[in-house]
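Please read the structure below before turning to the comments.
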Amino acid sequence: KMKAFATILLALAHPTEADSSFCPFAGIDPPETQLPEGHAPVPFGSTKGIHGGLLMCPHLKASPDPGQKTQKGCTCKSSCGATLDIGKSKCDWCYTENNCGHYSILRFAHYDFCVYPEDKDYEAKTWQEKHSETWAKVIADKTPGKYPNFVGIFAESVETTFTNMREEMPAGRVKYIHSIGSMCQFKTKIASDSPFTGMLEANAQVTGMMRLGGALPLDKNGVVPGIGWKFYRTGHVSADFVSLWKLSGKGASFDFFAVNQSNHIPPPSDILTKVGANKFGQASNCATAVGLSDLCQYSQDGAESTNPVFPFKLLFVPQFHLPDSPTSQEGVMARLASIKKGTTVYKMLSLSSPKSEWKFLGDIVTDSECTTSSYGDNKLFFRHQLFEDDLKLRPEWINEMDATDCYPKAPTSVAPASCAEEKASEF
Numbered sequence: 069k070m071k072a073f074a075t076i077l078l079a080l081a082h083p084t085e086a087d088s089s090f091c092p093f094a095g096i097d098p099p100e101t102q103l104p105e106g107h108a109p110v111p112f113g114s115t116k117g118i119h120g121g122l123l124m125c126p127h128l129k130a131s132p133d134p135g136q137k138t139q140k141g142c143t144c145k146s147s148c149g150a151t152l153d154i155g156k157s158k159c160d161w162c163y164t165e166n167n168c169g170h171y172s173i174l175r176f177a178h179y180d181f182c183v184y185p186e187d188k189d190y191e192a193k194t195w196q197e198k199h200s201e202t203w204a205k206v207i208a209d210k211t212p213g214k215y216p217n218f219v220g221i222f223a224e225s226v227e228t229t230f231t232n233m234r235e236e237m238p239a240g241r242v243k244y245i246h247s248i249g250s251m252c253q254f255k256t257k258i259a260s261d262s263p264f265t266g267m268l269e270a271n272a273q274v275t276g277m278m279r280l281g282g283a284l285p286l287d288k289n290g291v292v293p294g295i296g297w298k299f300y301r302t303g304h305v306s307a308d309f310v311s312l313w314k315l316s317g318k319g320a321s322f323d324f325f326a327v328n329q330s331n332h333i334p335p336p337s338d339i340l341t342k343v344g345a346n347k348f349g350q351a352s353n354c355a356t357a358v359g360l361s362d363l364c365q366y367s368q369d370g371a372e373s374t375n376p377v378f379p380f381k382l383l384f385v386p387q388f389h390l391p392d393s394p395t396s397q398e399g400v401m402a403r404l405a406s407i408k409k410g411t412t413v414y415k416m417l418s419l420s421s422p423k424s425e426w427k428f429l430g431d432i433v434t435d436s437e438c439t440t441s442s443y444g445d446n447k448l449f450f451r452h453q454l455f456e457d458d459l460k461l462r463p464e465w466i467n468e469m470d471a472t473d474c475y476p477k478a479p480t481s482v483a484p485a486s487c488a489e490e491k492a493s494e495f
C-alpha cells in the first residue's frame, strides 16, 4: 500500500516522466484486483494518453451522456468522473471540447466540472408514466450487479450523490456501496392525522419503488441493510431518500428485516465507517442524516406546498421477517424475491421535531414481487438530500439536537462549499 501511495505521489510530482499523470492510479503495479473498480495499472513510460487519443483514467473512458455540459457551459468529450489530482476527488469533471474551461498543467488538457440538471422534457410526464417506464427497465434484465473494490469510493465524487438531478447515474459512475439490490414496488396510505405536506399529506395514497440491499458485501454476520426510496412526481423530479440501520462494517443478520431503518443513523464507531463517513463529509457536515423537505415539497400529482411541513426523522419498523440462517449473496436476493405482493414489510413512524414523540404515519405494503435488476444496480439513481437543507428551513431544530446527531460536525445549516462554489485546483 505504501508503495502504491508513493507511486501516486511520484506520478503527480513528476508528470513529465510519463503520461502517467493522466490518472492518479497510473504506475501502480499490484494485481489489478487491488485497484478500484474500473481502473487498470498503467506502467511508467506508456505512450498512451490524451496525446494518443486515449484517456488514461479508465473511469473516464465511457462516452459522455448525450449533451453533457459543464459549469462554464462547455461540451464534454469524455464522461464525467472525479480524480485525486483535481479537487481531491470531490467534484466530477470531464475533458472539454474547443479548449473550453480550465487548463490542467498535469494533464496538458482542458477540463471543467460537470453539472447534472433535470431533464425537463422527461420530468414533465405524469408520475404514472415515469413509474411505469422505469419498472419496465427494472424487470427487463434481472442480472444482478457486483460489489466493486470499496477503495474506489475515495476517487468518486460524493457530491454527485446530492446534486445529480437526473433519474439515472451519469455515464461511467459506479455504485461502490449498496451495489446489489432487490427492487420492489410499494404503496402506502398516509395516516389521517399526518401534519405533513406533499408526499406525506394526510390520507395521501402514495406509490413508490424501493431498492433493498446490503451496503457492503455479505459477511459471516449477514447483511448491512439499507434502502433507497423513490417516488415519481408529475411535472417534477422524483422525491428520493435513503434509510439505513447504522454505519457498520459488520452485517446485522441474514434476515434483511431484522433491524429498524431510518434516515438518521448513529455516528460511526469503527475506523472503516469513520473513513467512509468522512468521505461523505466532502458534501455534507451531517453525513449521518439525509433531508426530507423535498419529499414534502410536492404531492405525487405535482401540487406544490409553498410552506412545506416535513418530519425531522422517519423510522421504518419491520413487520415481516425472512430466515436468519446463513446463506450466500444469491440466497439473500432469493429470499427477498420470495416476498409476495401485498406484504406489509414496514410500519413507518415519524418525529415532527427532535424532541417530539413518535407517531404512526403509514404501512409500507409491497405492490409487486421483488427482483434483482441490472438497471437497478447499474443505472437507476437515488438522490440524497442534504440535511442542511432541512435545517435552513427549521433552524430551531439545531438547538434541540444533540451534538452526536450529526457527523462529522455538530448540527449546522451550512454545508461544505459545493463544487459550483469551489475554484479549480490541482495538487
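Sequential numbering of the sequence shown, starting at 69, is according to the working numbering.
Cβ atoms here follow ideal geometry from the backbone N, Cα and C, with glycine treated the same way.
Per the DSSP calculation, residue i is bridged to which residue(s)?
{"i": "residue 267", "result": "Per DSSP, none; premise fails for residue 267."}
{"i": "residue 372", "result": "366"}
{"i": "residue 476", "result": "354"}
{"i": "residue 257", "result": "273"}
{"i": "residue 287", "result": "290"}
{"i": "residue 279", "result": "251 and 296"}
{"i": "residue 301", "result": "304"}
{"i": "residue 162", "result": "180"}
{"i": "residue 189", "result": "Residue 189 pairs with nothing; no bridge assigned."}
{"i": "residue 418", "result": "382 and 427"}
{"i": "residue 433", "result": "255 and 412"}
{"i": "residue 139", "result": "BP columns for residue 139 are empty, so no partner."}
Name the residue from the options whose alpha carbon lies nearest to the alpha carbon of residue i.
{"i": "residue 242", "options": "276, 417 and 217", "result": "217"}
{"i": "residue 239", "options": "456, 416, 482 and 137", "result": "137"}
{"i": "residue 405", "options": "390, 437, 398 and 387", "result": "437"}
{"i": "residue 417", "options": "330, 362 and 227", "result": "330"}
{"i": "residue 256", "options": "147, 415, 263 and 179", "result": "415"}
{"i": "residue 382", "options": "201, 162, 327 and 426", "result": "426"}
{"i": "residue 285", "options": "412, 401, 209 and 408", "result": "401"}
{"i": "residue 300", "options": "250, 352, 235 and 391", "result": "235"}
{"i": "residue 204", "options": "487, 252 and 228", "result": "252"}
{"i": "residue 440", "options": "168, 281, 163 and 408", "result": "281"}
{"i": "residue 328", "options": "165, 313 and 345", "result": "313"}
{"i": "residue 449", "options": "172, 179, 244 and 361", "result": "244"}
{"i": "residue 367", "options": "179, 195 and 476", "result": "195"}
{"i": "residue 155", "options": "278, 227 and 419", "result": "227"}
{"i": "residue 461", "options": "412, 365, 212 and 476", "result": "365"}
{"i": "residue 311", "options": "470, 386 and 184", "result": "386"}
{"i": "residue 230", "options": "206, 350 and 278", "result": "350"}
{"i": "residue 332", "options": "475, 168 and 480", "result": "475"}
{"i": "residue 466", "options": "433, 354, 487 and 391", "result": "354"}
{"i": "residue 433", "options": "249, 277 and 207", "result": "277"}
{"i": "residue 164", "options": "152, 157, 139 and 187", "result": "139"}
{"i": "residue 324", "options": "361, 378, 249 and 305", "result": "249"}
{"i": "residue 479", "options": "358, 396, 486 and 375", "result": "358"}
{"i": "residue 403", "options": "291, 298 and 424", "result": "291"}
According to DSSP, is residue i part of a helix, a strand, or is it coil?
{"i": "residue 347", "result": "helix"}
{"i": "residue 206", "result": "helix"}
{"i": "residue 144", "result": "strand"}
{"i": "residue 310", "result": "strand"}
{"i": "residue 156", "result": "helix"}
{"i": "residue 93", "result": "For residue 93, the predicted model reports a pLDDT of 37, less than 50, meaning its position is unreliable; a value from the coordinates is still stated below. Coil."}
{"i": "residue 454", "result": "strand"}
{"i": "residue 180", "result": "strand"}
{"i": "residue 72", "result": "Summary for residue 72: the model assigns pLDDT 43, below 50, so the residue's position carries little reliability; its value from the coordinates is reported in the next sentence. Helix at residue 72."}
{"i": "residue 199", "result": "helix"}
{"i": "residue 194", "result": "coil"}
{"i": "residue 426", "result": "coil"}
{"i": "residue 295", "result": "strand"}
{"i": "residue 247", "result": "coil"}
{"i": "residue 133", "result": "coil"}
{"i": "residue 445", "result": "helix"}
{"i": "residue 341", "result": "helix"}
{"i": "residue 360", "result": "coil"}
{"i": "residue 466", "result": "helix"}
{"i": "residue 115", "result": "At residue 115, the pLDDT of 34 sits below 50, so the modelled position is not reliable; the number obtained from the coordinates is stated separately. Of the three classes helix, strand and coil, the one that applies to residue 115 here is coil, per DSSP."}
Can you round the beta-carbon distance between residue i and residue j to whole angstroms, since I take them to be within the 8 Å contact cut?
{"i": "residue 275", "j": "residue 369", "result": "About 11 Å; that fails the 8 Å criterion."}
{"i": "residue 225", "j": "residue 159", "result": "6 Å"}
{"i": "residue 268", "j": "residue 429", "result": "7 Å"}
{"i": "residue 408", "j": "residue 435", "result": "Incorrect: roughly 11 Å between the Cβ atoms, too far for contact."}
{"i": "residue 265", "j": "residue 157", "result": "In fact, because the Cβ distance is near 37 Å, the residues do not count as touching under 8 Å."}
{"i": "residue 307", "j": "residue 392", "result": "Contact flag wrong, Cβ pair sits at about 33 Å."}
{"i": "residue 360", "j": "residue 309", "result": "6 Å"}
{"i": "residue 388", "j": "residue 411", "result": "6 Å"}
Check whether the Cβ of residue i lies closer than 7 Å to any heavy atom of the ligand NAD, and answer yes or no.
{"i": "residue 447", "result": "The ligand NAD is absent from the structure shown, which contains no ligands of any kind."}
- Task: Only counting runs of 4 or more residues, tell me where the alpha helix (DSSP H) segments fall wholly within the segment 374-410, in order along the chain.
- Result: 397-405
- Can you list, in chain order, the stretches of the alpha helix (DSSP H) that have 4 or more residues and sit fully within the segment 212-244? 227-231
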